[in-house]
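Below: the structure, in structure tokens.
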Amino acid sequence: MVKLDFDKSFYLNPRMQPLGGSTLTNILRLLAWNGFRVDWRFIPRLLYVMTLSSFFFPVRFYENLKFSKKIGNTKIPQIICIIGHFRSGTTFLHYLLGQDRKLSFVSTRETMTPSMMIVFDKLLDKVVQQHLPSKRPMDDLEMETKLPYEDEYAIANLCPYSFYHGWYFPKNIYHYFRKYVLFDGVGEEIKEKWKKTYRYVMKKVAYKYGGKPILLKSPVNTGRIKLLMETFPEIKFIHIYRNPYHVYLSTWRLYRSIIPIFSLQRVDVEFLDGFIIDFYRELYKKYLDEKRYIDEGNLIEFKYEDFVKEPLKILHEIYDKFGFDWFDEAKIHFEKYLEKHKNYKAHRYRIDDELREKIGKEWEFAFKEFGYGI
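Numbered by our numbering, the letters in the sequence shown go through residues 2 to 375 in order.
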């Protein structure tokens, strides 16, 4: 089988691996659970994140000592969660909604260093920024410490119950997907630990930003609707979806970008291709089954293609749907962001007949559900 191609420079550049913001306990647990199977090429990467984690232990200890009681007593505010498969426009929507000054979010820096979210802000911003590319490798959107980012990285750096560990140990990616996205066969004890971790992150954000509503974005949450409703009973969902053909091709671009940066293992191209297909199918089967539990007023859905044509119109509909009465106040910030990025061009894809037939067959239900032609 053909291995996913890795540029040799990735072996010697360990700085973008997210586990550097985790605890040493969490890293060692992940290693043990994955049988310490680390490709020799990535040993420098592993040693780097373990060293970085150890270096910041005093900071984590200090934050916990000083703020744990205050955080524990903090009330979780309204949660608004953007969902949708990877590469469906979730990041653009997240960045845009994040311009609203009345909302809070988990920033790139905070989600990478969740145990150090409050103290030494400026120092940690500098450290994390040095570990980030200037642009996201999968879509060339800007990447900065203060921009909104996926809260799943925070979960992954606090506990072992996260799908993103499957990017670090891709040979076990099916395990992480089915256990910690779909939660198949997972007992109540683990579910409660996961909920506790998520609530802890939200309480930290609420404490730091004065209880503003929290805007989240995590594609894997698309498969966790019931569990999220148990964790945050008043949660609201924004579901954005995209032409499945484009999702497939763009997801491959994502995996070719991040696996070389994050992974501690080599992985076969054919294996990953099968996973991408299975992930989409199983994720959306779960979502379509569970979305019926969401109250009508707590869910809005729309196409990516409609959103990029008329973003302000869609945003207005979101605010109306959720009863947020400050759209006019936020609109000026949305307009500034859109003006700044008016020349951004999304990557264009071509699909051959053989691949079109394959994806049309594998994801036929989604084409029908979301109104796209095969």
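In this text, a Cβ means the ideal position worked out from N, Cα and C, and glycines have one as well.
Alpha carbon to alpha carbon, how far is residue j from residue i? Give it in angstroms, no decimals.
{"i": "Asn173", "j": "Thr252", "result": "18 Å"}
{"i": "Ile375", "j": "His240", "result": "21 Å"}
{"i": "His334", "j": "Glu370", "result": "34 Å"}
{"i": "His247", "j": "Asp185", "result": "28 Å"}
{"i": "Ser55", "j": "Arg61", "result": "10 Å"}
{"i": "Val182", "j": "Ile236", "result": "18 Å"}
{"i": "Lys205", "j": "Lys362", "result": "44 Å"}
{"i": "Phe170", "j": "Arg46", "result": "13 Å"}
{"i": "Phe43", "j": "Ile260", "result": "12 Å"}
{"i": "Phe233", "j": "Gly188", "result": "19 Å"}
{"i": "Lys76", "j": "Glu271", "result": "46 Å"}
{"i": "Ile105", "j": "Asp354", "result": "Per the sequence shown, residue 105 should be read as Ser rather than Ile. Approximately 44 Å, taken between the alpha carbons."}
{"i": "Gly211", "j": "Met203", "result": "12 Å"}
{"i": "Tyr256", "j": "Arg243", "result": "18 Å"}
{"i": "Leu25", "j": "Tyr373", "result": "46 Å"}
{"i": "Leu228", "j": "Lys197", "result": "12 Å"}
{"i": "Asp101", "j": "Ala367", "result": "32 Å"}
{"i": "Lys103", "j": "Tyr338", "result": "16 Å"}
{"i": "Leu356", "j": "Leu250", "result": "10 Å"}
{"i": "Asp329", "j": "His317", "result": "9 Å"}
{"i": "Asp290", "j": "Met230", "result": "14 Å"}
{"i": "Lys341", "j": "Phe87", "result": "24 Å"}
{"i": "Arg179", "j": "Lys287", "result": "11 Å"}
Near residue i, which residues of its chain fall below 7 Å by C-beta distance, leaving aside the five closest residues on each side in sequence?
{"i": "Thr112", "result": "Tyr150, Glu151, Asp152, Tyr154 and Ala155"}
{"i": "His166", "result": "Leu31, Ala157 and Tyr177"}
{"i": "Lys71", "result": "Tyr208"}
{"i": "Phe303", "result": "Ile241 and Ile315"}
{"i": "Glu283", "result": "Leu183"}
{"i": "Asn35", "result": "Phe170 and Asn173"}
Of the choices the options, whose alpha-carbon is the least far from that of residue i?
{"i": "Lys376", "options": "Lys310, Arg16 and Gly275", "result": "This structure cannot settle anything about residue 376, because the visible part of the chain is limited to 2 through 375."}
{"i": "Ile262", "options": "Phe37, Thr91 and Trp168", "result": "Trp168"}
{"i": "Ala331", "options": "Lys192, Leu98, Leu255 and Tyr294", "result": "Leu98"}
{"i": "Leu265", "options": "Phe308, Val39, Ala367 and Trp34", "result": "Val39"}
{"i": "Gln130", "options": "Ile119, Glu143 and Val120", "result": "Glu143"}
{"i": "Pro115", "options": "Asn65, Ile260, Lys292 and Leu356", "result": "Asn65"}
{"i": "Leu48", "options": "Ile28, Asp326 and Arg357", "result": "Ile28"}
{"i": "Asp279", "options": "Arg102, Glu365 and Thr26", "result": "Glu365"}
{"i": "Arg225", "options": "Glu189, Leu250 and Lys292", "result": "Lys292"}
{"i": "Gly73", "options": "Arg42, Tyr199 and Phe43", "result": "Tyr199"}
{"i": "Ile191", "options": "His348, Arg357, Tyr162 and Val202", "result": "Tyr162"}
{"i": "Arg254", "options": "Arg351, Phe308, His132 and Asp290", "result": "Arg351"}
{"i": "Met51", "options": "Leu20, Lys67, Tyr63 and Ser69", "result": "Leu20"}
{"i": "Cys1", "options": "Arg179, Lys194 and Lys180", "result": "Residue 1 lies beyond the range of the chain shown here (2 to 375); nothing can be said about it."}
{"i": "Tyr1", "options": "Phe93, Asn35, Lys103 and Phe121", "result": "Nothing about residue 1 can be read from this structure; the chain reaches only from 2 to 375."}
{"i": "Lys343", "options": "Phe37, Val309 and Pro78", "result": "Val309"}
{"i": "Trp41", "options": "Leu289, Arg267, Tyr294 and Val107", "result": "Arg267"}
{"i": "Thr91", "options": "Lys123, Thr223, Ala33 and Lys346", "result": "Thr223"}
{"i": "Lys67", "options": "Trp34, Gly36, Lys123 and Ile119", "result": "Ile119"}
Starting from the C-beta of residue i, find all residues in its chain whose C-beta is less than 6 Å away, skip the five residues before and the five after it, and write them out in chain order.
{"i": "His95", "result": "Ile83, Pro149 and Lys218"}
{"i": "Thr146", "result": "Thr109, Arg110, Asp126, Val129 and Gln130"}
{"i": "Phe93", "result": "none"}
Assuming residue i and residue j are in contact, meaning their beta carbons sit under 8 Å apart, how far apart are those beta carbons, in whole angstroms?
{"i": "Phe57", "j": "Met117", "result": "6 Å"}
{"i": "Tyr285", "j": "Ser89", "result": "Actually they are not in contact, since the Cβ atoms of Tyr285 and Ser89 sit about 11 Å apart, beyond 8 Å."}
{"i": "Phe238", "j": "Ile277", "result": "Actually they do not touch by this definition, with Cβ atoms about 24 Å apart."}
{"i": "Phe164", "j": "Val221", "result": "5 Å"}
Between residue i and the ligand GDP, is the CB less than 8 Å from at least one heavy atom?
{"i": "Ile315", "result": "Ligands in the displayed structure: none, and consequently the ligand GDP is not present."}
Within a Cβ cutoff of 8 Å, which residues of the same chain sit near residue i, ignoring the five residues on either side of it in sequence?
{"i": "Leu313", "result": "Lys332, Phe335, Glu336 and Leu339"}
At least 3 beta-carbon pairs within less than 8 Å: the segment 70-83 vs the segment 213-222: yes
Given 8 Å, three or more beta-carbon pairs between the segment 290-302 and the segment 316-326: yes
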